[in-house]
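Numbering (the working numbering), first residue to last: 143 to 330.
Cβ coordinates follow ideal geometry from the N, Cα and C atoms, glycine included.
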Amino acid sequence: MIDAHAHFEFYKKEVPQVVEECRKELKAVVDSITEYRKTHVWKSWELLKPYFGFLFPTLGYHPNEARRGNWEKVKRVEDFIWEHRNEIVAVGEIGLDYHYAENEAQRENQRAIFQHFLELAAELKLPVVIHARDAEREAFELVQRYSVNAYFHSFTGSPELAKEIAENDHPIGISTGIVFIPEIRKTV
Numbered sequence: 143m144i145d146a147h148a149h150f151e152f153y154k155k156e157v158p159q160v161v162e163e164c165r166k167e168l169k170a171v172v173d174s175i176t177e178y179r180k181t182h183v184w185k186s187w188e189l190l191k192p193y194f195g196f197l198f199p200t201l202g203y204h205p206n207e208a209r210r211g212n213w214e215k216v217k218r219v220e221d222f223i224w225e226h227r228n229e230i231v232a233v234g235e236i237g238l239d240y241h242y243a244e245n246e247a248q249r250e251n252q253r254a255i256f257q258h259f260l261e262l263a264a265e266l267k268l269p270v271v272i273h274a275r276d277a278e279r280e281a282f283e284l285v286q287r288y289s290v291n292a293y294f295h296s297f298t299g300s301p302e303l304a305k306e307i308a309e310n311d312h313p314i315g316i317s318t319g320i321v322f323i324p325e326i327r328k329t330v
C-alpha cells in the first residue's frame, strides 16, 4: 500500500518518527511539497530529501496561495521545479479552490497560476496532482485542455464527474470526508 498524497513537511521536527511509523505499513509515500503560506518548497525539499526513495516528491503551488497572485513567488517555484525536474514524480499540488477565494479577482489569480503550472507540466511531460474544491468541473476541463495526466486528490465532486474523470484515465483520491460527508460516500 502507498499513500498517494501527504505533507510530511508539516511535521517538521517529527519527520523522522513519522517516516519510521509509515515505513511499518506502507511501501511508499508521494509527498506534495507545495508552496503555501510559510511552507516554502525549498525548505521542505531539504527537510525531506534524506527520505527520498521512500518519499517520492512532487512540487507545486497551492491554489490558496495562488489566489494572492504573487508572480514573483510563482517564478521562484517554477525555477525550483525546473532545477529538480528529474527528481520529482509530478507537478503539484496545483488547482482551483473557490471555497476560500473571496472574490472573482482571487479566482482569476488561481486560474492563471493553475494554467501556468499545467503548461509547465505539459512541457516537462510530468503528471499533475490536482487540488479542486468548489471548482472540480473547471479543473478537470483545464486538465483535459492541457492534455496532462492528473491525480485528483481529496475529490469531493459529483458522481457523474468522478465517472468522467475515471473514464479519462485520471485516478481519484478520496479523503477522510468519506466518513462524515454523505455526498462523498455516494460518489464512491
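From the options, residue whose alpha carbon lies closest to that of residue i
{"i": "Phe196", "options": "Lys166, Ala208 and Phe152", "result": "Lys166"}
{"i": "Lys215", "options": "Leu190, Ala170 and Asn251", "result": "Asn251"}
{"i": "Glu306", "options": "Thr200, Val285 and Phe222", "result": "Val285"}
{"i": "Arg209", "options": "Arg179, Glu163, Tyr293 and Val172", "result": "Arg179"}
{"i": "Val270", "options": "Leu303, Glu325, Ile223 and Arg249", "result": "Ile223"}
{"i": "Ala292", "options": "Ala274, Glu283 and His312", "result": "His312"}
{"i": "Lys155", "options": "Cys164, Leu189, Asn245 and Glu325", "result": "Leu189"}
Cα-Cα separation between residue i and residue j, rounded to whole angstroms
{"i": "Ile175", "j": "Ala148", "result": "9 angstroms"}
{"i": "Val160", "j": "Phe152", "result": "11 angstroms"}
{"i": "Asp276", "j": "His241", "result": "6 angstroms"}
{"i": "Ala146", "j": "Ile255", "result": "23 angstroms"}
{"i": "Ile272", "j": "Leu260", "result": "10 angstroms"}
{"i": "Val171", "j": "Thr200", "result": "11 angstroms"}
{"i": "Gly299", "j": "Arg279", "result": "8 angstroms"}
{"i": "Lys217", "j": "Phe294", "result": "24 angstroms"}
{"i": "Ala349", "j": "Gly234", "result": "With the chain represented from 143 up to 330, any question about residue 349 goes unanswered, as that position is not in the structure."}
{"i": "Leu262", "j": "Val330", "result": "31 angstroms"}
{"i": "Asn206", "j": "Glu162", "result": "30 angstroms"}
{"i": "Trp184", "j": "Gly237", "result": "20 angstroms"}
Burial state of residue i, where buried means 16 or more other Cβ atoms lie within 10 Å
{"i": "Thr318", "result": "exposed"}
{"i": "Val321", "result": "exposed"}
{"i": "Arg253", "result": "buried"}
{"i": "Ala232", "result": "buried"}
{"i": "Glu225", "result": "exposed"}
Range of the contiguous beta strand (DSSP E) that encloses residue i
{"i": "Phe150", "result": "Premise fails: Phe150 is in no beta strand (DSSP E) and is neither H nor E."}
{"i": "Ala292", "result": "Ala292 to Phe294"}
Unbroken alpha helix (DSSP H) run spanning residue i, endpoints
{"i": "Phe259", "result": "Glu246 to Leu266"}
{"i": "Arg218", "result": "Trp213 to Glu225"}
{"i": "Leu168", "result": "Where Leu168 is concerned, there is no enclosing alpha helix (DSSP H), given that its DSSP letter is neither H nor E."}
{"i": "Thr329", "result": "Pro324 to Thr329"}
Bridge partner(s) assigned by DSSP for residue i
{"i": "Pro199", "result": "Asp173"}
{"i": "Leu238", "result": "Ala274"}
{"i": "Ile144", "result": "Ala170"}
{"i": "Thr181", "result": "Tyr178"}
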